[in-house]
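Only one structure is covered here, and it is reproduced in the block below.
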Ligand code: 2P0
């Protein structure tokens, strides 16, 4: 009798926020970066994508829904992910003949974000990570997170880092086929239990310049960019690994803010220039500077807050639990007077666990 069963698996993947930024591709098709990057994955309980993958002989074609709206599935990146996962499943079936032939069945994919899509809140990172892991679970693949990161990377570069919790490096690699451009765990979240992140939503609107288009323009036109990719970032990757290993918040904060500013500097150095930060973002920088100056005036010898901005105006501010009142409290108190802040999930300042 024909197998009409619906096979199903669900998973969630969290957002990650880079502290050493990925910006620039050395291979656009394979999504290979010009430099390594390092991120902090936010807790599963905060910003995440939930994805259900199902397959059945009763489905007529592959489909994808995001927040209930049907999506185009013909894009080369999504197709590359589906092809890679189906080929792993086919190999799994070949070595285990008792497995049902899921690799040949149409897939139905349904994803939901609990945060604004495409507003510089790393929606593609959580989205492709959840999609790849949901299908890998559906296919019962024995692959490790690093192996799956090679596939998620082809969907969206930053997605490879969302397959792990905690502190995650994406090693740029040197192989032309991308086989060594994967993510690895640097430290579990539990290694630094006091780390916190506040997400400040300046705008939940879709960004004007997509990351893919923006980074290609930067690689092509910025004269600052080779210096960043070849000299600045490699040194910062090593220093950031050491800061995390030693739970050195002063070094972590300094590197995080410098690298965010360096990334936005190469965006500004692009022709035509790309502006992801807004007046509201710059107000957030000044608030952080003010918080750190106030802490210094109180005799605290290290910064207590570190801002970072992705390809959009929203700020993520890292701080330690012991400084919660100084940091999140100061933002909550001050933002009433800063115009232009919108709310993501009912709160302008969203404190997130790491
Ligand atoms: C990052 N960003 O490291 C950097 C910082 C934005 C600024 O990764 O073209 O959506 O899909 O590989 O991953 C955004 O880029 O770009 C990004 P694609 P992606 O998080």
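In my numbering, the protein residues as written are 394 to 747. The beta-carbon is built from N, C-alpha and C at its ideal position, and this holds for glycine as well. Nothing here was measured: the structure is a model prediction, and the numbers come from that model.
Considering Cα atoms alone, identify which of 475, 443, 412, 500 is closest to residue 507.
Among 475, 443, 412, 500, the Cα nearest to that of residue 507 is on 443.
Sub-7 Å separation of residue 549 and residue 517 beta-carbons
Yes; because the gap between Cβ atoms is below 7 Å, this pair is in contact.
Look up residue 654 in the DSSP assignment and say whether it is helix, strand or coil.
Three-state result, residue 654: helix.
Which residues in the same chain as residue 399 place their Cβ atom closer than 6 Å to its Cβ, once the five residues preceding and following it in sequence are excluded?
Correct list, in chain order: 447, 449.
How about residue 766: is its Cβ closer than 6 Å to a heavy atom in the ligand 2P0?
Here the chain comprises residues numbered 394 to 747, so residue 766 is not present and cannot be evaluated.
Please classify residue 569: is it buried, with 16 or more other beta-carbons within 10 angstroms of its beta-carbon, or exposed?
Residue environment for residue 569: exposed (fewer than 16 other C-beta atoms within 10 angstroms of its C-beta).
Backbone CA spacing between residue 419 and residue 539 [nearest angstrom]:
Between residue 419 and residue 539, the C-alpha separation is close to 20 Å.
Euclidean distance between Cα positions of residue 636 and residue 457:
About 40 Å.
What do you reckon, is the C-beta of residue 550 under 6 Å from a heavy atom of the ligand 2P0?
Checking every heavy atom of the ligand 2P0 against the Cβ of residue 550, one is found closer than 6 Å.
Need the endpoints of the beta strand (DSSP E) that residue 448 sits in, please.
Looking at the DSSP string, the run of the beta strand (DSSP E) that includes residue 448 is 441–448.
Within the present structure, is the beta-carbon of residue 424 separated from the nearest heavy atom of the ligand 2P0 by less than 6 Å?
True, at least one ligand heavy atom lies under 6 Å from that Cβ.
Opening and closing residue of the beta strand (DSSP E) in which residue 418 lies:
Where residue 418 is concerned, the enclosing beta strand (DSSP E) stretches over 418–420.
Residue(s) in a DSSP beta bridge with residue 642
Bridge partners of residue 642 according to DSSP: none are assigned.
Going straight from the alpha carbon of residue 463 to that of residue 582, what length do you get?
Their backbone Cα atoms lie some 35 Å apart in a straight line.
Can residue 605 be considered in contact with the ligand 2P0, in the sense that its beta carbon sits closer than 6 Å to one or more heavy atoms?
Distances from the CB of residue 605 to the heavy atoms of the ligand 2P0 include at least one below 6 Å.
Contained alpha helix (DSSP H) runs [length at least 4] in the stretch 498–549, N- to C-terminal order:
Taken in chain order, the complete alpha helix (DSSP H) segments of 4 residues or longer contained in the stretch 498–549 are 516–531, 538–548.
In its own chain, which residues sit with a C-beta less than 6 Å from the C-beta of residue 403, not counting the 5 before and 5 after it?
The answer, listed in chain order, is 445.
Where residue 511 and residue 687 are concerned, what is the direct C-alpha to C-alpha distance, given to the nearest angstrom?
At residue 511, the pLDDT of 45 sits below 50, so the modelled position is not reliable; the number obtained from the coordinates is stated separately. Going from the Cα of residue 511 to the Cα of residue 687 covers about 34 Å.
Residue 649 beta carbon less than 7 Å from that of residue 580
Their beta carbons are not under 7 Å apart, which means residue 580 does not touch residue 649 by this criterion.
Rounded Cβ spacing between residue 562 and residue 576 (contact assumed at less than 8 Å)
About 7 Å; that satisfies the 8 Å criterion.
Residues near residue 611 by beta carbon distance below 7 Å, same chain, minus five either side:
Taking C-beta separations shorter than 7 Å and ignoring five residues to either side along the sequence, the partners of residue 611 in its chain run 416, 417, 618, 659, 660, 663, following chain order.
Spatially closest choice to residue 645 from 654, 657, 632, 656, by CA coordinates
Out of 654, 657, 632, 656, the CA that lies nearest to the CA of residue 645 is found in 632.
Taking the Cβ atom as the reference point for each residue, do residue 629 and residue 652 lie within a distance shorter than 7 Å?
For residue 629 and residue 652, yes; Cβs fall inside 7 Å.
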